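Here is the structure we will look at.
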Amino acid sequence: MNTHVEYTCKFCKKSFGFDCEISPECPPLRMSEWIGLLTCNECADYESMRRTLERLITDQCVSWFRIDWASHHNEIKPDKCEQLRKQLFSNLVTLTKRYTSLICHRYKVVDAWECDFVQILMDNPQQAQKYLWGYIKVTSAAARRTTGRLTALESCQGYGEVKQ
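Start counting the sequence shown at 32; every next residue gets the next number (my numbering).
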């Protein structure tokens, strides 16, 4: 039996629908419950990429923290430490550029990446997730206040500050 299913994306709240084949021998269990979990392709792609980038950035920050700790406890040679830091810095630059581009594109504001973002993450690697979420919060606020003419960083002071 062919059925048309209407749903609302749990992220963007837009209405969508799709046709699916439902077998009389195996009806879906609690259809009303799983329909509430559906997302549109655009939101699903964004959420998947955002989570992947957040995990990768957080992993780099953890590595930075470990290298910093090891260098302070003389468990790593200074030249090796410097080499690893340069590589991690380069990785963080690449990942944060991709992250800010993704977030700014999602909220339709001018892409805003600054090297200060990487420096903030390196200075506070244990709070990386808070800074990443803060960037989303500031960018969404910028999108609500502007028509996309200002960058997310220009529209809000102290985007990297974390309340403790």
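Just so you know, even glycine gets a beta-carbon here, dropped at the ideal spot from N, CA and C. Being a predicted model, the structure only gives us computed values, none of them experimental.
(request) Kindly list the residues whose CB is nearer than 7 Å to the CB of C135, restricted to its own chain and excluding five residues on each side of it in sequence; keep chain order. (result) Only V141, D142, A143, T170, A183 meet the Cβ criterion.
(request) Determine the DSSP secondary structure at C51, reduced to helix, strand or coil. (result) C51: strand per DSSP, three-state reduction.
(message) Using 8 Å as the threshold, is the C-beta distance between A18 and I88 below it?
(response) Residue coverage of the chain in this structure runs from 32 to 195, which leaves residue 18 outside it and unanswerable.
(message) Helix, strand or coil, according to DSSP, for T39 in the structure here?
(response) Strand at T39.
(request) Taking only the alpha-carbon atoms, compute the straight-line gap between L68 and K111 and give it to the nearest angstrom. (result) The alpha-carbon atoms of L68 and K111 are separated by roughly 47 Å.
(request) Let me know if P156 comes out buried or exposed under the rule of 16 or more other beta-carbons within 10 Å of its beta-carbon. (result) Around the Cβ of P156, a 10 Å sphere holds 16 or more other Cβ atoms; the residue is buried.
(request) With a cut-off of 8 Å on the beta carbons, I'd call K128 and A174 a contact; round off their distance for me. (result) That belief does not hold up - the Cβ atoms of K128 and A174 are roughly 19 Å apart, past 8 Å.
(message) Can you look up T34 in the DSSP assignment and give me helix, strand or coil?
(response) T34: strand per DSSP, three-state reduction.
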